[in-house]
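Numbering (this note's numbering), first residue to last: -13 to 920. Glycine included, each C-beta is placed from N, C-alpha and C at the ideal position.
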Amino acid sequence: MKVERLKVEGDIALKATNLKPDHLKAANLDLSATLREKPANFQPANFGLSATLREQPKNLEQANLTVSRLLKQGKGLYDSGRFAEAVDVLEQALKTNQAQGDQLSEAMVLSNLSLAYQQLGLWTQAKNAIANSEKILRYIKNRDKSTAYLQVLAQSLMIKGSIELGSSESKAAMESWEQAALTYGELGDEAGQIRSRINIAQALQDLGMYKRALNLLNQVEESLVAQPDSLNKAIGLRSLGNMRQLVGELSQSRETLEKSLEIARSLPYSQEISAILFSLGNTARAQQELDEAIDYYQQAFDQSLDPITKLEAQLNQLSLLIDTKRIKEAQALIPQILPQLESIPLSRRSIYLRINFAQSLIKDEVRSIKDEGYVQTFLDAVAHGGNPQDRTGSRSWGEPPRPRYLAASLAKRLQPSVKKAIQPSYEIAKILATAVQQAKALGDKRAEAYALGSLGQLYEQNQQLPESEDLTQQALKLAQEVNAPDISYRWQWQLGRISTGLGEEENAIAAYTEAVNTLKSLRSDLVAVNQQVRFTFRESVEPVYREFVQLLLQSDRNEANPDNLEKAREIIESLQLAELDNYFRSACLNATPVVIDQVIDQVDTKAALIYPIILPESVDIIIRLPQQPLRHYRTELPQDQIESTLEDLRHFLPQLHRRKFFPMSQQVYNWIIRPIEEDLANSQVDTLVFVLDGALRNIPMAALHDGKQYLVEKYSIALTPGLDLMNPQRLVREDIKVLTAGLSESRQGYNPLPFVEVELEKIKAQVPSEILLNQDFTETNFENSVEAAPFPVVHIASHGEFSSEAEKTFILTWDSKINVNELKDLLQTTDLRQSTPIELLVLSACQTATGDKRAALGIAGVAIEAGARSTLATIWLVDDEATAVLMNRFYQELTDKSISKAEALNRAQKSILQDPNYEHPYYWAPYIMVGNWL
């Protein structure tokens, strides 16, 4: 099926737009977050570009009073959003200039005219005007080196960059703004240089170069801070705040945006205030402060005079209302949005807004609302607007249907289920078809790929799979033509789902393979996949991997397929790595790893590798025993039941005076261990190495119970983030030196840990140690100690918290909180300055963040980012007296060079488990060994 632009009574028609009337089901794909974010950041015209009309070049002595008056009038009209009138006035100014032969003034007017044309969506006229301005400036270049000439040249380059960015020519836009920055440098205009550099950062962001953009904006901030409060300063800080939000620096983003808002309100400048409020809404949303985000979007809407900004705010608000299932409020917004969408001028920004709106309407929550009145009004309107008899069921595919025919036909078929949708499928298809036409008119293949693929999604949800497949293939082809992997993987994924639905297993596996490979190619800048990754990773990245694993393992249901098992294991490994990349906003493993299979085949032949995988209808187990092929087991039950059981188990395990965890502990044991008990016994393994998935990360495997004893009583247990193990070597036990640090006193509102001092002294009694306690445990002292001596073991006994957000994962010192990135910087100085790397990092008083279901990801994040080969950490905060006892025994065992670190932990756990005072899992279960267990 091909999508064609057809002007039929003012509508856009599609071939095969005969969407079936049955209730549309929500698909997994959600582009709304990405499309939401495009307009939020695509605002170079609001900074330094619209300023052109406010800041006319000085000393234009050639311009007569008539031109000056017209420019002033045009500026007023432009600032009030009356762009068509501004064009009329500027065209008068242009004619006056041409009559006078004042070329420099003419170039300036042409630049401003180009800017006004852009606001009206008149891109051809805008491009022609700026090209003519450039032509004039080149002509007079050699005979006019005045300050006025350089000012007009700089402004012209700024506007040219705006046009180029709006036309998807981001690289050209960056080059234009770099030239503008140089020109402002010649003028000694620091404010102009700052405007140029902020726009360069916008182009870098558009090109997916987020780190470069952030670095540039951080440099700009230094210049901005030194300047007096101004509109330029407010907008510069807003741009920096937006970028910090994109790369996950959420607290810093909010702080920067609030500073920007304070400046903007002091001016005051309402349009900039609304833009900042909009950005604050995006940051609040990324922080999961959803009510606050909705309030910010509403304030942005109320404050703004710009129709596009108002529409952006409403669309983000709509999407968030749908996500939080506030459907009645979302429903009330839709009729407000529709007329605005039709009135905004054509631009890249308006195309993304249109697709954004369509994506929100596609969502099942909205489409399942029973609103008979709204749908009936639509049906009545279309029923009287066309004649459904003018085409028959034998319509030729060579002739596209008329929109009124399609709507009336759809109305007939919708009649039996009139209450099922608040927005007809055809209306959504028409919105997207218009976006396709507009993208073609603008020559924007990237936007066209989004629109076509989204239209394919609509057909997919309506179970019109052949049509959906055709549209999706077109979208993928366009995305690949413009080298847009962040779009390509979505449509590869969509083709995988479609092929699965069509029963074409080989095609589905091929499509999913391509999608995963494309995602891997984006590892170094995964933020490019989702500009609001913090709340969309689970919707638009993670499902690609999980659906692929499900496909591979379901196809393996009837007989063992080694290739499919190996592929499924590889894909779940890739998901683990993608989660960590997302956690850190960059590729987190750059060193050369060793495949873990080699370790259990050649180094530790008493270890088994276990992959429990949570799928929609089952818990699947893949097990790798020493020198044996992979094996696969499945326990079928709904995902909701799996996750609710795991959540209850995690809740009850740390409750010291309750034993409600036993039934759940046995149930999870039956899912994960019972199917492989015989394999484990026959292989005579003594260590289980788990690669845990999803909610299983929150459960200490040591506490699983078979009805007679805990798993820790039978096996040593370790966790690893994946197939690849960093430096899989045994700990050299001779001359072990430990750097210990901790807080026994209350600091920064945290409770004292009185037994920390005992813990550190007992460690020192076992192995040579340096102690940093209380006021000695400052960030500076810790860094100095790490740098001064080669400590293979670093032990920290202080409050800390693991979170699913890197910036909220921290360890408390006497004078500060060290976050995970700072910990990396502190600990990896050893690798740089000494020959002895950190073999073991112990964090004995940490816990996962309360209410954060994915907080255990922070443990793996710390383990990898800290650069230690092994990390021993706690899932929950344990009684510090019991910790002192367990850690004393752990270090006793660690000096035994005949056992592994995992076995040393196992012996320590069993020793206190056997003590009646500490037999409850609260005391011994939360200790987990991550990484190299040897």
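Checklist entry - Is it true that the CB of Ser730 sits closer than 7 Å to the CB of Pro740? => result Taking the sequence shown and counting its residues from 1, the one referred to as residue 740 is at position 754. Taking the sequence shown and counting its residues from 1, the one referred to as residue 730 is at position 744. For the 7 Å CB-CB criterion, Pro740 and Ser730 form a contact.
Checklist entry - Can you give the Cα-Cα distance for Val942 and Ala894, rounded to whole angstroms? => result Residue 942 lies beyond the stretch modelled for the chain, which goes from -13 to 920, so this question has no answer here.
Checklist entry - Just how far apart, CA to CA, sit Tyr909 and Asn767? => result By one-based count along the sequence shown, residue 909 stands at place 923. By one-based count along the sequence shown, residue 767 stands at place 781. Here the alpha carbons of Asn767 and Tyr909 stand approximately 31 Å from one another.
Next on the checklist: Using only CA atoms, which one of Ala911, Ser886, Lys887, Asn228 lies nearest to Ile898?
Outcome noted: Here residue 898 refers to the residue found at position 912 of the sequence shown. The candidate whose alpha carbon is nearest that of Ile898 is Ala911.
Next on the checklist: With a threshold of 7 Å on Cβ separation, who are the neighbours of Ala189 within its own chain once the five nearest residues in sequence on each side are excluded?
Outcome noted: What you label residue 189 is simply residue 203 of the sequence shown in a count that begins at 1. If the five residues before and after Ala189 are omitted, its C-beta is found closer than 7 Å to the C-beta atoms of Leu151, Ser156, Ala159, Met160, Trp163, all from its own chain and listed in chain order.
Next on the checklist: Could you tell me the alpha carbon to alpha carbon distance between Leu642 and His906, rounded to whole angstroms?
Outcome noted: On the sequence shown, position 656 is the one that residue 642 refers to. On the sequence shown, position 920 is the one that residue 906 refers to. Going from the Cα of Leu642 to the Cα of His906 covers about 7 Å.
Checklist entry - Going by other Cβ atoms of all chains shown within 10 Å of its Cβ, with 16 needed for buried, is Gly917 buried or exposed? => result Working through the sequence shown from its first residue, we reach residue 917 at position 931. With 16 or more other Cβ atoms inside 10 Å of its own Cβ, Gly917 counts as buried.
Checklist entry - Arg555 to Phe287, Cα distance in whole Å? => result Reading the sequence shown from its first residue, position 569 is the one you call residue 555. Reading the sequence shown from its first residue, position 301 is the one you call residue 287. If you take the alpha carbons of Arg555 and Phe287, they lie about 48 Å apart.
Checklist entry - Excluding sequence positions up to five away, which residues of its chain have a Cβ less than 8 Å from the Cβ of Met915? => result To locate residue 915, count along the sequence shown from 1; it is residue 929. Around Met915, the same chain offers Ile703, Ala704, Leu705, Ser856, Thr857, Leu858, Lys887, Ala888, Leu891 as residues with beta carbons nearer than 8 Å, after the five sequence neighbours per side are excluded.
Checklist entry - Contact check, Leu809 vs Ile797 under 8 Å by CB: the rounded distance? => result For the purposes of this step, residue 809 is identified with residue 823 of the sequence shown, where counting begins at 1. For the purposes of this step, residue 797 is identified with residue 811 of the sequence shown, where counting begins at 1. Right, their Cβ atoms sit about 7 Å apart.
Checklist entry - Taking the alpha-carbon positions, what's the Gly489 to Pro529 distance? => result The residue given as residue 489 occupies position 503 in the sequence shown. The residue given as residue 529 occupies position 543 in the sequence shown. Using only the alpha carbons, I get a separation of about 19 Å.
Next on the checklist: For a minimum of 3 consecutive residues, which ranges assigned as the beta strand (DSSP E) are wholly contained in the stretch 78 to 106?
Outcome noted: Look at the stretch 78 to 106 and you find no whole run of beta strand (DSSP E) that is 3 residues long or longer.
Checklist entry - Beta-carbon of Ala667 versus every beta-carbon of chain B: anything under 7 Å? => result The question asks about chain B, but that chain is absent: this structure has only one protein chain.
Next on the checklist: Using a 10 Å radius around the Cβ and a threshold of 16 neighbouring Cβ atoms, would you call Arg230 buried or exposed?
Outcome noted: If you number the sequence shown from 1, residue 230 lands on position 244. By the 10 Å Cβ count, Arg230 comes out buried.
Item to check | Distance, Asp430 Cα to Gln300 Cα | outcome: Position 314 of the sequence shown, counted from the start, is the residue given in the question as residue 300. Position 444 of the sequence shown, counted from the start, is the residue given in the question as residue 430. Counting only the Cα atoms, Asp430 lies some 25 Å from Gln300.
Checklist entry - Roughly how many angstroms separate the alpha carbons of Leu223 and Pro902, rounded to a whole number? => result Start at 1 with the first residue of the sequence shown, and residue 223 comes out as number 237. Start at 1 with the first residue of the sequence shown, and residue 902 comes out as number 916. Spanning the two alpha carbons is a distance of roughly 59 Å.
Item to check | Straight-line Cα distance separating Val581 from Asn874 | outcome: To locate residue 874, count along the sequence shown from 1; it is residue 888. To locate residue 581, count along the sequence shown from 1; it is residue 595. Spanning the two alpha carbons is a distance of roughly 33 Å.
Next on the checklist: I want to know whether the stretch 329 to 346 touches the stretch 413 to 426 - three or more CB-CB distances under 8 Å.
Outcome noted: Cβ pair count under 8 Å is three or more, so yes.
Checklist entry - What residues in its chain sit with their C-beta under 6 Å from that of Val698, if we drop five residues either side in the sequence? => result Here residue 698 refers to the residue found at position 712 of the sequence shown. So the qualifying residues of the chain are Ala688, Gln895.
Item to check | Identity of the residue in Leu80, Gln715, Ile609 nearest Phe924 by Cα | outcome: Because the chain in this structure spans residues -13 to 920, residue 924 falls outside the shown range and cannot be described.
Checklist entry - Which ranges would you report for the alpha helix (DSSP H) in the stretch 441 to 504 if only whole runs of at least 4 residues count? => result Fully enclosed alpha helix (DSSP H) runs of 4 or longer: 451 to 467, 471 to 487.
Checklist entry - Taking the continuous beta strand (DSSP E) assigned at Gly786, which residues delimit it? => result For the purposes of this step, residue 786 is taken as residue 800 along the sequence shown, with counting starting at 1. From DSSP, the beta strand (DSSP E) with Gly786 extends over 786 to 788.
Checklist entry - Of the residues Ile757, Gln715, Val753, Lys748, which one's Cα is nearest the Cα of Gly728? => result Residue numbering aside, residue 728 sits at position 742 when the sequence shown is read from its first letter. From the listed residues Ile757, Gln715, Val753, Lys748, the smallest Cα separation to Gly728 is found for Ile757.
Checklist entry - Anyone know if the C-beta pair for Val138 and Met195 falls short of 7 Å? => result The count along the sequence shown starts at 1 and reaches residue 138 at position 152. The count along the sequence shown starts at 1 and reaches residue 195 at position 209. The criterion of a C-beta distance shorter than 7 Å is not satisfied by Val138 and Met195.
Item to check | Endpoints, the alpha helix (DSSP H) within which Leu920 is located | outcome: Along the sequence shown, read from residue 1 onward, the residue named residue 920 stands at position 934. Run containing Leu920: none; DSSP gives neither H nor E here.
Next on the checklist: For Arg432 and Ser154, which I take to be in contact (beta-carbon distance under 8 Å), what is that distance rounded to the nearest angstrom?
Outcome noted: Position 446 of the sequence shown, counted from the first residue, corresponds to residue 432. Position 168 of the sequence shown, counted from the first residue, corresponds to residue 154. So it is a contact: roughly 6 Å between Cβ atoms.
Checklist entry - Cβ atoms of Leu674 and Ala594: under 7 Å apart, would you say? => result Start at 1 with the first residue of the sequence shown, and residue 594 comes out as number 608. Start at 1 with the first residue of the sequence shown, and residue 674 comes out as number 688. Against a cut-off of 7 Å, the Cβ pair of Leu674 and Ala594 comes out as a contact.
Item to check | Whole-Å CB distance - Gly442 paired with Leu457, under 8 Å assumed | outcome: In the sequence shown, counting from the first residue as 1, residue 442 sits at position 456. In the sequence shown, counting from the first residue as 1, residue 457 sits at position 471. Gly442 to Leu457, Cβ: 4 Å. Contact.
Item to check | Contact set for Leu666: own chain, Cβ-Cβ below 7 Å, skip 5 residues either direction | outcome: One-based indexing of the sequence shown puts residue 666 at position 680. When the five nearest sequence neighbours on each side are left out, the beta carbons in the same chain lying within less than 7 Å of the beta carbon of Leu666 are those of Ala594, in order along the chain.
Checklist entry - When the distance is taken between beta carbons, is Ser651 closer than 7 Å to His618? => result Counted from its first residue, the sequence shown places residue 618 at position 632. Counted from its first residue, the sequence shown places residue 651 at position 665. For His618 and Ser651, no; Cβs fall outside 7 Å.
Checklist entry - Measuring CB to CB, does Ala500 end up less than 7 Å from Gln478? => result Here residue 500 refers to the residue found at position 514 of the sequence shown. Here residue 478 refers to the residue found at position 492 of the sequence shown. What sits at residue 500 in the sequence shown is Glu, not Ala. Between Glu500 and Gln478, the gap from beta carbon to beta carbon is short of 7 Å.
Item to check | Rounded straight-line distance, which links the Cα of Pro707 to that of Ala846 | outcome: Taking the sequence shown and counting its residues from 1, the one referred to as residue 846 is at position 860. Taking the sequence shown and counting its residues from 1, the one referred to as residue 707 is at position 721. The alpha-carbon atoms of Ala846 and Pro707 are separated by roughly 7 Å.
Checklist entry - Which stretch, first to last residue, makes up the beta strand (DSSP E) that contains His618? => result Walking along the sequence shown from the start, residue 618 turns up at place 632. Per DSSP, the unbroken beta strand (DSSP E) holding His618 starts and ends at 617 to 622.
Checklist entry - Can you tell me whether Ser526 is buried or exposed, with buried defined as 16 or more other CB within 10 angstroms of its CB? => result Locating residue 526 in the sequence shown gives position 540, counting from the first residue. Result: buried.
Next on the checklist: Once the 5 residues before and after Arg636 are set aside, which same chain residues still bring their CB inside 7 Å of it?
Outcome noted: Counting from 1 along the sequence shown, the entry for residue 636 is found at position 650. Closer than 7 Å at the Cβ level, and outside the excluded window around Arg636, lie Asn684, Ile685.
Next on the checklist: Once the 5 residues before and after Glu455 are set aside, which same chain residues still bring their CB inside 6 Å of it?
Outcome noted: For the purposes of this step, residue 455 is taken as residue 469 along the sequence shown, with counting starting at 1. Hits under 6 Å: Ile484.
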